[in-house]
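In my numbering, the protein residues as written are 8 to 154. All C-beta atoms in this analysis are idealised placements derived from N, C-alpha and C, irrespective of residue type, glycine included.
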């Protein structure tokens, strides 16, 4: 996470509700945790509304992986991968996945982040040191321009 660079990188995530034996009252959505952390990192700066990118690294969710495969025709590419506008069916489907919808929930926090919208999503793959292919989603975020 970098407020200065304007990105949040997420991997190996579970909802706060999924955490067991935690005595603290937990936020309901992981997106709430991201916003709280973003606010903490941006405290004392004018960068709180600087969010530009939301990266989902090494997607593991089977439903999201299925939608990635459908969107890319089962051909996820190395960087720069394939980019879909949020106007496209593929872009909308990727935003609605379990790994994309958290961004939509996060952007509900307009007083903190400003009026932001996802503009496009880039799907790409990498191969880790063990030779395993990992698929990633890079959501681009922009200011809402109005209807």
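So for residue i, helix, strand or coil by DSSP?
{"i": "residue 38", "result": "helix"}
{"i": "residue 76", "result": "helix"}
{"i": "residue 125", "result": "strand"}
{"i": "residue 70", "result": "helix"}
{"i": "residue 58", "result": "coil"}
{"i": "residue 49", "result": "helix"}
Does the distance from the CB of residue i to the CB of residue j come in under 7 Å?
{"i": "residue 85", "j": "residue 91", "result": "no"}
{"i": "residue 144", "j": "residue 63", "result": "yes"}
{"i": "residue 18", "j": "residue 70", "result": "no"}
{"i": "residue 89", "j": "residue 128", "result": "no"}
{"i": "residue 75", "j": "residue 142", "result": "yes"}
Measuring alpha carbon to alpha carbon, tell me which of the options ends up nearest residue i.
{"i": "residue 54", "options": "77, 114 and 46", "result": "46"}
{"i": "residue 57", "options": "11, 145 and 146", "result": "11"}
{"i": "residue 149", "options": "48, 50, 61 and 36", "result": "61"}
{"i": "residue 36", "options": "112, 122, 95 and 138", "result": "112"}
{"i": "residue 77", "options": "104, 51 and 138", "result": "104"}
{"i": "residue 49", "options": "8, 152, 69 and 137", "result": "8"}
{"i": "residue 126", "options": "75, 136 and 152", "result": "152"}
{"i": "residue 106", "options": "146, 43 and 42", "result": "146"}
{"i": "residue 44", "options": "137, 119 and 136", "result": "119"}
{"i": "residue 42", "options": "116, 136, 122 and 138", "result": "116"}
Short of 8 Å in beta carbon distance, which residues of its chain neighbour residue i, apart from the five on each side in sequence? Order them along the chain.
{"i": "residue 99", "result": "93"}
{"i": "residue 110", "result": "38, 61, 102, 125, 146 and 148"}
{"i": "residue 82", "result": "none"}
{"i": "residue 122", "result": "150 and 151"}
{"i": "residue 108", "result": "102"}
Only counting the same chain, and skipping five residues up and downstream in sequence, which positions put a Cβ closer than 6 Å to that of residue i?
{"i": "residue 140", "result": "132 and 134"}
{"i": "residue 59", "result": "13 and 148"}
{"i": "residue 68", "result": "105 and 106"}
Could you pull out every residue in the same chain whose Cβ sits closer than 7 Å to the Cβ of residue i, ignoring the five residues on either side in sequence?
{"i": "residue 16", "result": "8, 62 and 64"}
{"i": "residue 52", "result": "10"}
{"i": "residue 79", "result": "89 and 130"}
Whole alpha helix (DSSP H) runs in the region 87 to 143 with 4 or more residues, listed along the chain?
Taking only runs of at least 4 residues, the alpha helix (DSSP H) segments lying wholly in the region 87 to 143 are 96 to 102, 108 to 114 and 117 to 120.
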